[in-house]
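Each residue of the first sequence is one higher than the one before, counting from 753 in my numbering.
The C-beta atom is built at its ideal place from N, Cα and C for all residues, glycine as well.
Take a look at the structure set out below.
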Amino acid sequence: MTRPLRVRIAPSPTGTVHLGLCRTALFNWAYARRFGGTFVLRIEDTDHDRNTQASQQAILDGLRWLGLDWDEGPEQGGPYEPYQQSERVERHLAWAEKLLASGHAYRDFSTPEQLDAWRAEQEGRKQRIAYRGADRDLDLAEAERRAAAGEEYAVRFRIPDGETTFEDLIRGQVTIPHHEIDDWVMVRRGAASPTYNFVVVCDDLDMHISHVFRGEEHLVNTPKQLLLYSALGEPAPEFAHLPLMLGTDRKKLSKRTGDTALGDYQAKGYPREAIFNFLALQGWALDGETDVFSREQFVERFDIRDVAKAGAVFDPDKFLWMAGEYLRGEKPEELAAHVKPFALEAGWMSAQELQERWPWFVRLVASVQERLALYSDLPHWVGHMFQPHAEVPYDPKAEKGARKRERRVELLTGFADALESGAIHGSPAQWAEQTKAWIEAQGAKIPDLFQPLRCALTGMAGGPDLFETLDLLGVPAALERIRAGAQRLA
RNA sequence: GGCCCCUUCGUCUAGUCAGGCCUAGGACACCAGGUUUUCAUCCUGGCGACAGGGGUUCAAAUCCCCUAGGGGUCACCA
753 MTRPLRVRIA PSPTGTVHLG LCRTALFNWA YARRFGGTFV LRIEDTDHDR NTQASQQAIL
813 DGLRWLGLDW DEGPEQGGPY EPYQQSERVE RHLAWAEKLL ASGHAYRDFS TPEQLDAWRA
873 EQEGRKQRIA YRGADRDLDL AEAERRAAAG EEYAVRFRIP DGETTFEDLI RGQVTIPHHE
933 IDDWVMVRRG AASPTYNFVV VCDDLDMHIS HVFRGEEHLV NTPKQLLLYS ALGEPAPEFA
993 HLPLMLGTDR KKLSKRTGDT ALGDYQAKGY PREAIFNFLA LQGWALDGET DVFSREQFVE
1053 RFDIRDVAKA GAVFDPDKFL WMAGEYLRGE KPEELAAHVK PFALEAGWMS AQELQERWPW
1113 FVRLVASVQE RLALYSDLPH WVGHMFQPHA EVPYDPKAEK GARKRERRVE LLTGFADALE
1173 SGAIHGSPAQ WAEQTKAWIE AQGAKIPDLF QPLRCALTGM AGGPDLFETL DLLGVPAALE
1233 RIRAGAQRLA
């Protein structure tokens, strides 16, 4: 049976935007885009205390930031509104009534205490048995009478005998025996508040979702949902359970072993395309050879059937490498724009000053581009530029190296004189040539001057071409730094 | 513990469905060289895996069985 391809993600707005959600979204999105389907975003905010408006906004913003777009969702709407689960409760309850009437569900009047007692009883058992409600076999009319009398109850699904087998698009055949599945609660006692496993099916049905791609932690929920589809007499969607993203402890990625929130990586200055690309690589590969690819290539090649079965351990090293790969590929203008917030945050100058010196800033950024992996690496390399010239902090390693050069003071002073007098002039490339010739004329080696010079100019042991740096600094400032250096390194 | 899922270099993975093209390919990391005034980039090379055991077959990373290990899940959370 073919029906229109419709996929969705249904995040619950609790806390931060988890990378796992991002990847699930990525795969759903790519599948829809590749095969011409519709990508739906539904907010799973079933009246839980943990749901917050801020979190919902963060999810929307985060996914958009990643470059994902959805065809139907809470803000733009769509043909199956509303896209907030909490606003669909009436529908859910109606489905529940239907199931109650057909006998696929029943009212369970058990109290929480009774349930606790039952659970305690299970503790000791080797073979846990699935819960079957005490009132499972209560006469329907009798149950309705007690309900009408105001007695509180939960609505439970009546799990039939047998087992459920389904075809997972990633894992193949999966079978789970029904005696493992509780008569789970569809609607909570008293509150008329439906539970996740129930509403997810109602909503997917209502929204005509054809494929459900979600994390592996939902694998064991699937039979419950499948049983529900069949009780409702409706066709079930296809399912695929994505391998989990694991922390270095090999457990489900959590804060315990590192940052898990998209926001953490945005704040650290990971390029968006790098995050996108890296996430796509968690459980999937373009061709086994290519690690760096565009989102167009991704969409062109992605198929849920090619997703790996085994969990993927999140490798921060490779992620960092990927970040650098994208960052270094940016155009200087583009990079400068990305790095701007970090420059402002460093407090070197006001936004207005930065605007005025923009061409200079772009050159400055370009000079260190190949040394950066993250946008936030910028201050490390160019921070010295904004220090008082006479007291640029010296890195101990840089200073040590400079002091090894015995003629440092003499050469530094001589070079400053040559620069000031115009003996060294022209473009940075010409300065380099002239300086090298001058060093030779002094009977010295290149590092004899260059090492102390780099220390005096930047205070750092490494960095971009010296003359480029000198040019960026400007001759007057450079002279001040060199003369101060001659004294400080004496 | 029950059930379910998984298992190729330290890590991400290609190859497994259609057994031979695999003396198992790529990438990150690591190590060693080269380039550079330095750091970084870049280039070259190296290290390094089919979880174990049985079978089937002329032939198995690929098919079957068992064992071991890892993970997920066992809520009136989602």
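Rounded to whole angstroms, the gap between the alpha carbons of Leu-892 and Tyr-858 is 8 Å.
Residue burial is scored here from C-beta neighbours: Pro-1204 has at least 16 other C-beta atoms within 10 angstroms and is therefore classed as buried. If you check the CB distance, Leu-1209 and Arg-1115 do not come in under 9 Å.
Counting along the chain, Arg-786 sits inside no beta strand (DSSP E); it lies in the alpha helix (DSSP H) bounded by residues 771-786.
The beta carbon of Phe-918 sits closer than 7 Å to those of Val-926, Thr-974, Leu-978, Phe-991, all from its chain and outside the five residues before and after it, given in chain order. The closest CA to that of Gly-814, considering only Leu-971, Gln-1239, Ala-1019, Val-769, is found on Val-769.
Sorting Leu-1164, His-1177, Trp-847 by C-alpha distance to the C-alpha of Glu-986 places Trp-847 at the top. The C-beta of Pro-946 has 16 or more other C-beta atoms within 10 Å across all chains shown, which makes the residue buried. The C-beta distance from Asp-821 to Gln-808 rounds to 17 Å, too long to meet the 8 Å contact threshold.
Judged by DSSP secondary structure, Val-926 falls within the beta strand (DSSP E) whose first and last residues are 924-929. Shown here, Leu-1038 sits in coil according to DSSP, grouped into three states, outside any helix or strand. Here Val-1161 really is in contact with Ala-1238; their C-beta atoms are around 5 Å apart, less than 8 Å. Assignment of Met-1074 by DSSP, reduced to helix, strand and coil, places it in the helix class. When DSSP assignments are scanned along the segment 1152-1228, the uninterrupted stretches of alpha helix (DSSP H) that are 4 or more residues long and fall wholly within it turn out to be 1160-1173, 1180-1193, 1198-1210, 1218-1225. Residue pairing of Thr-916 in beta bridges, as defined by DSSP: Ile-928. Annotated three-state conformation of Phe-909 is strand, per DSSP. Runs of the beta strand (DSSP E) lying entirely within the segment 978-1055 and spanning at least 3 residues, in chain order: 990-994. For Leu-793, the enclosing beta strand (DSSP E) starts and ends at 790-793.
For the 9 Å CB-CB criterion, His-931 and Glu-968 do not form a contact. Just so you know, the alpha carbons of Ala-886 and Trp-870 end up roughly 10 Å apart. For Tyr-948, the three-state secondary structure derived from DSSP is helix.
For His-1141, the secondary structure class from DSSP, reduced to helix, strand or coil, is helix. Between the alpha carbons of Arg-1057 and Tyr-783 lies a gap of roughly 10 Å. Relative to Ser-1173, the option among Asp-860, Thr-916, Gln-837, Pro-1228 whose CA is nearest is Pro-1228.
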